[in-house]
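Report on the structure given below.
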Amino acid sequence: MAITTQQLIQWKQQGRSIVALTAWDYAIAQLLDAAGVDLILVGDSMAAVLGYETTLPITLDEIIYHAKSVRRGVKRALVVVDLPFLTYQESLQQAMHSAGRVLKETGAQAVKLEGGYPAMAQTVARLVEAGIPVMGHVGLTPQSIHQLGLRQQGKTQEASERILLEAIALEQAGVFSLVLEHIPADLAMQISQKLSIPTIGIGAGIHCDGQVLVTSDVLGLAEKHPPFAKVYTNLRETITKAVQDYAVEVRERKFP
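Numbering (our numbering), first residue to last: 45 to 300.
What follows is the structure, encoded as structure tokens:
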């Protein structure tokens with residue numbers, strides 16, 4: 045049976061950890077789903093796979109194209125799609141149009157928006173009211189890289205209180221889950237205990253209700269990865285060696 049947003053909330057109540065990873069195409073999505081991943085995020089983090097230096101250049105059309113491919117590979121996991129930079133911040137109408145396109149054209153079950161400031165919380169509330177499931181995202185928000193950098197957020201008392209208030213505001217606005225990125229573990233624990241919706245951590249310690257990583261980091265495909273990521277295998281080396289072996293056999297006429 046396909047996983048729903050309500051199941052994630054029930055799992056938090058039951059103390060069951062949520063497993064989340066990112067995907068950008070059919071093959072990866074199919075493997076993640078078969079391996080038992082609960083939530084697959086078609087994140088704008090795919091920018092690295094597409095050769096961009098930041099997430100900012102990703103367009104709505106690009107993410108819809110990749111999300112359609114991912115969705116075709118998934119039978120069980122909940123598929124959530126990031127709304128790219130400046131496809132939802134300008135106005136409620138823009139956010140509604142972008143989120144509506146994602147759900148209509150990809151078959152995904154939810155969208156994710158960054159930020160919990162008052163205007164964003166209002167946007168989230170209207171999207172939820174219109175029947176669009178929304179995942180929130182606070183702490184380090186990569187679409188604000190030129191303002192925040194890639195530094196850990198919430199290290200001061202003031203910043204910590206702001207992130208907590210944003211998290212509460214997003215829950216009140218109706219998000220079904222909340223990504224906590226690169227914040228201190230004690231702050232993530234405080235937020236996780238305060239909210240009735242599940243928190244999904246990335247670089248936020250062990251006290252979140254689930255964890256997400258960028259799959260290219262997990263598989264060792266990326267040239268570099270954030271300090272909080274764990275590399276479980278090195279496919280970069282494996283693929284390079286396989287291609288080199290193939291090239292040698294072709295040149296020496298050993299293949300086919």
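For glycine and all other residues, C-beta sits at the position ideal for the given N, C-alpha and C.
Predicted, not measured: the structure shown is a model, and the values here were computed from it.
Checklist line | Where the beta strand (DSSP E) containing LYS112 begins and where it ends | finding: Here residue 112 is taken as the residue at index 68 of the sequence shown, counted from 1. Judged by DSSP secondary structure, LYS112 falls outside any beta strand (DSSP E) and instead within the alpha helix (DSSP H) spanning 104-116.
Notebook entry, point to check: Quick one: Cα of THR131 to Cα of LEU104, how far?
Noted result: By 1-based counting over the sequence shown, the position of residue 131 is 87. By 1-based counting over the sequence shown, the position of residue 104 is 60. In this structure, the alpha-carbon of THR131 lies about 7 Å from that of LEU104.
Note to self: So, for ALA139: in the same chain, excluding its five sequence neighbours on each side, which residues have a beta-carbon less than 7 Å away from its beta-carbon?
What the structure shows: Stepping through the sequence shown from its first residue, residue 139 is reached at position 95. Taken in chain order, the residues that qualify are TYR132, THR167 and LEU171.
Note to self: Just list the residues that DSSP pairs LYS156 with in beta bridges.
What the structure shows: For the purposes of this step, residue 156 is taken as residue 112 along the sequence shown, with counting starting at 1. Bridge partners of LYS156: ASP126 and MET179.
Notebook entry, point to check: Is the distance from the Cβ of LEU184 to the Cβ of HIS226 below 8 Å?
Noted result: If you number the sequence shown from 1, residue 184 lands on position 140. If you number the sequence shown from 1, residue 226 lands on position 182. It is a contact, given that the beta carbons lie within the stated cut-off.
Item checked: ARG295 burial status per 10 Å Cβ neighbour count (16 or more: buried) -> By one-based count along the sequence shown, residue 295 stands at place 251. Exposed.
Next item on the list: Give me the Cα-Cα distance between GLY59 and LYS298, rounded to the nearest whole angstrom.
Entry: What you label residue 59 is simply residue 15 of the sequence shown in a count that begins at 1. What you label residue 298 is simply residue 254 of the sequence shown in a count that begins at 1. Computed Cα separation, rounded: 55 Å.
Note to self: Could you pull the DSSP bridge partners for LEU194 from this structure?
What the structure shows: What you label residue 194 is simply residue 150 of the sequence shown in a count that begins at 1. In the DSSP output, where bridge partners are listed per residue, LEU194 has none listed.
Next item on the list: Enumerate in chain order the residues of its own chain whose CB-to-CB distance from GLN234 is below 7 Å, with the five nearest sequence positions on each side excluded.
Entry: Start at 1 with the first residue of the sequence shown, and residue 234 comes out as number 190. Cβ contact annotation for GLN234 (same chain, cutoff 7 Å, sequence separation greater than five): LEU208, in chain order.
Notebook entry, point to check: For HIS190, is the classification buried or exposed, using 16 other Cβ atoms within 10 angstroms of its Cβ as the cut-off for buried?
Noted result: Taking the sequence shown and counting its residues from 1, the one referred to as residue 190 is at position 146. Result: exposed.
Next item on the list: Kindly indicate which residue of GLU173, VAL178 and GLY151 has the alpha-carbon position closest to the one of ARG120.
Entry: Against the sequence shown, residue 120 aligns to sequence position 76. Among GLU173, VAL178 and GLY151, the Cα nearest to that of ARG120 is on GLY151.
Check: Leaving out five residues before and five after LYS56 in sequence, what residues of the same chain have Cβ atoms less than 6 Å from its Cβ?
Finding: On the sequence shown, position 12 is the one that residue 56 refers to. Around LYS56: PRO242 and ASP253.
Notebook entry, point to check: How is GLU296 classed by DSSP in three states: helix, strand or coil?
Noted result: As a first step, residue 296 must be located in the sequence shown, where it is residue number 252. Note: GLU296 maps to coil in three-state DSSP.
Note to self: Let me confirm a value: ILE283 is counted as buried when at least 16 other C-beta atoms fall within 10 Å, else exposed. Which label applies?
What the structure shows: Walking along the sequence shown from the start, residue 283 turns up at place 239. It counts as exposed.
Check: Count the other CB atoms within 10 Å of the CB of VAL287; is the residue buried (16 or more) or exposed (fewer)?
Finding: The residue labelled residue 287 in the question sits at position 243 within the sequence shown. It counts as exposed.
Margin query: So the candidates are LEU100, LEU222 and LYS268; which of them puts its Cα closest to the Cα of LEU83?
Written below: By one-based count along the sequence shown, residue 83 stands at place 39. Per the Cα distances, LEU222.
Next item on the list: Assign GLY245 to one of three DSSP states: helix, strand, or coil.
Entry: Translated into positions along the sequence shown, residue 245 becomes position 201. GLY245 falls in the strand class under three-state DSSP.
Next item on the list: May I ask which residues mark the beginning and end of the alpha helix (DSSP H) holding LEU263?
Entry: For the purposes of this step, residue 263 is identified with residue 219 of the sequence shown, where counting begins at 1. No alpha helix (DSSP H) holds LEU263; DSSP gives it neither H nor E.
Next item on the list: Specify, as a first and last residue, the run of the alpha helix (DSSP H) that THR167 falls within.
Entry: Start at 1 with the first residue of the sequence shown, and residue 167 comes out as number 123. Element bounds for THR167: 162-173.
Item checked: Reference LEU75; option with closest CA among LYS285, VAL292 and LEU263 -> As a working note, residue 75 is residue 31 in the sequence shown. If we check each option's Cα against that of LEU75, LEU263 comes out closest.
Note to self: Using the three-state DSSP reduction, which class does GLY144 fall into: helix, strand or coil?
What the structure shows: Position 100 of the sequence shown, counted from the start, is the residue given in the question as residue 144. Correct three-state label for GLY144: helix.
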